[in-house]
Each structure stands twice: as C-alpha cells, then as structure tokens.
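All remarks here apply to the structure that follows.
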Amino acid sequence: MPAAGACIDTSLESVIDRIRAQLGADACLEAPDAIEPYLGDFRGLFRGATRLVVLPRSTTEVAAVLSICNESTVGIVPQGGNTSY
Numbered sequence: 049m050p051a052a053g054a055c056i057d058t059s060l061e062s063v064i065d066r067i068r069a070q071l072g073a074d075a076c077l078e079a080p081d082a083i084e085p086y087l088g089d090f091r092g093l094f095r096g097a098t099r100l101v102v103l104p105r106s107t108t109e110v111a112a113v114l115s116i117c118n119e120s121t122v123g124i125v126p127q128g129g130n131t132s133y
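Under our numbering, the first residue of the sequence shown carries the number 49, and numbering increases by one thereafter.
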C-alpha cells in the first residue's frame, strides 16, 4: 500500500481507462448529456462537475472502483437515490 499522499497514477485518463476496463463501457457514463442528470441535487442547491459517472452493478464493482481511485489518489463523490437532505 502506498504511503499517504503518494501518487501511483496521477493521470485521470489512465484512471478512467482502468475503471472502464474493470466495469465495462456500459457502466461508465462519459458523454456530457448522459452525465448531466447526476450533477445536481433534487433541490437545485448544489451542482457538481465530473468527467465520469460510474454505475456499478455489485459491491465487488464498487470495491474495484474505490480501490482504483484510492491507489491513484482520485477523489469520489458517492450518490444514492438523491432523495434526502
């Protein structure tokens, strides 16, 4: 395991490629129009920006994405049903 703050892979494109390879292209949204519905909360108070929305189908896939991001020191923002405050 790398030391805290150490970067194994700082290339965002490489991270996206690794996630896509792990989950498949059908579980990765990259087109701006596909990502758009995931950028804001249902109240319209908060808005985000991202290059990738991942739609894991299992806890194993969630763990794989988290592992890749952790190894590469890439932050994530989990999103659930968008139904609570």
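Every residue, glycine too, gets a C-beta built ideally from N, C-alpha and C. For clarity, every value in this text was computed on a predicted model and none was experimentally measured.
*Spatial neighbours of Tyr86 within its chain, please: CB distance less than 6 Å, with the 5 preceding and 5 following residues excluded, ordered by chain position.*
By 1-based counting over the sequence shown, the position of residue 86 is 38. Answer for Tyr86: Val101, listed in chain order.
*What residue range is occupied by the uninterrupted alpha helix (DSSP H) comprising Pro80?*
On the sequence shown, residue 80 is found 32 positions in, with the first residue counted as 1. Counted as a single uninterrupted DSSP element, the alpha helix (DSSP H) harbouring Pro80 occupies residues 80–83.
*Between the C-alpha atoms of Leu77 and Leu71, what's the straight-line distance to the nearest angstrom?*
Start at 1 with the first residue of the sequence shown, and residue 77 comes out as number 29. Start at 1 with the first residue of the sequence shown, and residue 71 comes out as number 23. In this structure, the CA atom of Leu77 is about 11 Å from the CA atom of Leu71.
*Could you please give me the residues that DSSP links to Val101 through a beta bridge?*
As a first step, residue 101 must be located in the sequence shown, where it is residue number 53. Within the DSSP bridge table, the entry for Val101 names Leu77 as partners.
*Can you tell me where the alpha helix (DSSP H) with Val63 in it begins and where it stops?*
By one-based count along the sequence shown, residue 63 stands at place 15. Its alpha helix (DSSP H) spans residues 60–71.
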